[in-house]
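These notes concern the structure reproduced below.
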Amino acid sequence: MLESVGRACQVLKLFRDENEALGLAEVAQRSGLEKTIAFRILRTLEQHGLLRRTAEARYVSNVRIGSARRFRIGYAAQEHNTPFSDAVTASLRRAAAREGVELVVTDNRYSANVALKNARKLIGEKIDLAIEFQTHERVAPVISSLFEEAGIPLIAIGTPHPGASFYGANNYRAGLTAGRALGKWVRRQWDGEVGELLLLEIELKGALPKLRLTGAEAALREAAPPLPADRVFHLDTRGSYTRTMELVRDHLRRRPARSTVIAGITDLCVLAALRAFEEAGQLESCAAIGMGTIGEARSELMKPDTRLIGSISFFPEKYGDDVMRLALDILHKRPTPPAVYAQHRLITRDNLRRHYPAEGQPELRGFEGTQRLA
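Printed below as a string of structure tokens:
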């Protein structure tokens, strides 16, 4: 009986003001209750006059519940004006607004030094919890130590920070997904024969993102005849489109034309490699897979003659719900796992419209930027 009362109170607290109307699916999603249980609670509360049902089969509260202390959560974004980081920030803002949380946002500007300054700034803001999105491994222990000394729990996005809860990509599993897709393509198009493997790395990001390529290589080796060590090439792209093109151009000048499989930590580097192969008149001899499913990659996938067979999407627009749920569990002292992994999925030309239904067809542009990591 007490459990039922607790659940009813939990549902009532979902209605933050007299104007908020919630449907059954929203109540079940926000409360974590099964739909059948949520439905029975809603009907009971309606029968007792605590809720009323609208003509649209949504529920509105007839009672006002005194609000508890509002949580303040600090979020240090990776970098403003980059698609992935902006999508994560927007999703966190939506989740915070829905949960009645005050979100204090700073911009790390993709700089280790700025990230340290922002950590100190957020501590000064008297936040209840910090969410850190910065990928410089060398300052992660320092940032963790700052928040730990201030008694502020920390969630790290993308790059593990000592003692922090982790949220981000399962890089090795994402790599396996990419490698299996490459292997399937190679078996179908080239009868399983691969001349060489080109791995586009970003050394300064450390070992964790590199697991994407480790997984891709492992899966590809299962699908194709073993490649000798001198046919596997590691290029440190530093995440730069221009540098990647230069490295791949130089690589193509040094060896004879042969079938090449390309895997990269980011889409940007893979797209640069494809342009270098096209420039050398060897586009038909390569097949590539990327990571991130950025707009330029989606545009490339729509081309009928593309050699980009797919890209692994991490859906940054969905990060906010997962991270906010983890944050509230921590703040409410509920049991939490040490790591929560973001969803990832292989996006190809065949399923692109299903996952990105509003996708237009922008022209792929040449640029000299860098793509930030998930």
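Residue numbers for the sequence shown follow our numbering, so the first one is 160 and each next one is one higher.
Even for Gly, the Cβ is constructed at its ideal location relative to N, Cα and C.
Keep in mind that this is a model prediction, so the values were computed, not measured.
- DSSP places Met450 in the strand class (E or B) of the three-state scheme.
- Within the DSSP bridge table, the entry for Val264 names Tyr234 as partners.
- For Arg202, the enclosing alpha helix (DSSP H) begins and ends at 194–206.
- Bridge partners of Thr419 according to DSSP: Glu355, Cys445.
- Pairing Glu296 with Arg347, the inter-Cα distance amounts to about 40 Å.
- For Phe436, no beta strand (DSSP E) segment is defined; the enclosing uninterrupted segment is the alpha helix (DSSP H) at 426–438.
- For Phe306, the secondary structure class from DSSP, reduced to helix, strand or coil, is helix.
- By the criterion of a C-beta distance shorter than 8 Å, Glu261 is surrounded in its chain by Arg229, Phe230, Arg231, Ile232, Ala255, once the five residues flanking it on both sides are discounted.
- According to DSSP, residue pairing for Asp287 in a beta bridge does not occur.
- Under the DSSP assignment, Ser324 falls in the beta strand (DSSP E) whose first and last residues are 324–327.
- Taking C-beta atoms as the reference points, Ala328 and Phe473 count as a pair closer than 7 Å.
- Here DSSP, grouped into helix, strand and coil, assigns Phe243 to helix.
- DSSP places Ala383 in no alpha helix (DSSP H); its state is neither H nor E.
- For Gly469 and Gly479, the gap between their C-alpha atoms comes out near 25 Å.
- For the pair Val170 and Ser190, the CB atoms are nearer than the 7 Å cut-off.
- Put simply, the segment 340–358 touches the segment 450–470. At least three CB pairs are less than 8 Å apart.
- Just measuring C-alpha positions, the residue of Glu352, Ile453, Leu210, His514 sitting nearest Ser444 is Glu352.
- The three-state secondary structure of His393, taken from DSSP, is strand.
- In the DSSP assignment, the residues bridged to Arg212 are Tyr218.
- In this structure, DSSP gives Ser472 an extended state, which the three-state scheme calls strand.
- With a cut-off of 8 Å on Cβ pairs, the segment 266–273 is not in contact with the segment 480–494, counting fewer than three such pairs.
- Judged by beta-carbon spacing, Glu360 lies within the 7 Å limit of Asp395, meaning their Cβ atoms are closer than that value.
- By the Cβ neighbour-count rule, Val164 is exposed, with fewer than 16 other Cβ atoms within 10 Å of its own.
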